[in-house]
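Below you'll find the structure, written out as C-alpha cells, and then a few comments.
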Amino acid sequence: MKVKLKGFTLIEVMIAVVIIGILASIAYPSYTQYIAQSARSEGLAALMRIANLQEQYYLDNKKYATDLTKLVGANPYITEHKHYSVSSSGESSFTIKAVAQGVQASRDASCSSLTISDTGAKGPSAECWK
Numbered sequence: 000m001k002v003k004l005k006g007f008t009l010i011e012v013m014i015a016v017v018i019i020g021i022l023a024s025i026a027y028p029s030y031t032q033y034i035a036q037s038a039r040s041e042g043l044a045a046l047m048r049i050a051n052l053q054e055q056y057y058l059d060n061k062k063y064a065t066d067l068t069k070l071v072g073a074n075p076y077i078t079e080h081k082h083y084s085v086s087s088s089g090e091s092s093f094t095i096k097a098v099a100q101g102v103q104a105s106r107d108a109s110c111s112s113l114t115i116s117d118t119g120a121k122g123p124s125a126e127c128w129k
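Rendered as C-alpha cells:
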C-alpha cells in the first residue's frame, strides 16, 4: 500500500514566492512615495507655521524678523523629525525656505527645497504643496 505524503511541492512554493515578489515590487515604490510625502508635510507645516509667526511679528514690530529665534515658538534650525532645516530672510519682506535633510533629500529630490514668501508665493511647484 502506497502512503501519500501531505505537503507542498517545490513548484507550489516557487509560485508562491514569485507572487509575493511581484506584489512586493508593486507595493514598495508606493510605500516609499508615501513616506516621502509624509515627511514633506512636516516641512510644509513648518513653513506655514513660521509664515504665520512672521506675520504676527510684522503686526507687532512693523518689520519681519530676520532671525527666527525672535519668533516665539519657532525652532530656527530644524523640524521636529529632522527632515527639513528652515531659514528666513528680509525685514521688509520674507522668504522662508525649508531644505530637506538626510535621506529625505534623496527620497524626495524634486521637492527637496520648499519656499513660501510674504506674498503667499509657494515653490518650487504646486505639486510639492499637495
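Residue numbers (numbering that gives the first Met the number 0): 0 to 129.
For every residue, glycine included, the Cβ atom is placed at its ideal position computed from N, Cα and C.
Check: Touching by the beta-carbon criterion (3+ pairs, under 8 Å), the stretch 15-23 and the stretch 50-69; Outcome: no
Check: 8 Å CB neighbourhood of THR31 in its chain, flanking five on each side removed; Outcome: ARG106
Check: Straight-line gap, LEU87 to HIS80 (C-alpha atoms, nearest Å); Outcome: The sequence shown places Ser at residue 87, rather than the Leu named in the question. About 19 Å.
Check: Closest Cα partner of ILE49 within the set LEU67, ALA35, VAL16; Outcome: LEU67
Check: Beta-carbon proximity of SER116 to CYS127, cut-off 9 Å; Outcome: no
Check: Check whether VAL98 and SER84 have beta carbons under 9 Å apart; Outcome: yes
Check: Limits of the beta strand (DSSP E) - the one that THR31 falls within; Outcome: Premise fails: THR31 lies in the alpha helix (DSSP H), 9-60, not in any beta strand (DSSP E).
Check: Of the residues LYS69, LYS5, ILE25, ALA38, the one placed nearest LYS129, counting alpha carbons only; Outcome: ALA38
Check: Span separating the alpha-carbon of THR94 from that of MET47; Outcome: 11 Å
Check: Short Cβ contact (9 Å threshold) for GLN103 with ALA35; Outcome: yes
Check: Three-state secondary structure assigned by DSSP to VAL71; Outcome: coil
Check: Cβ-based burial, GLY42 [other Cβ within 10 Å; buried from 16]; Outcome: buried
Check: VAL85 (DSSP reduced to helix, strand or coil); Outcome: strand
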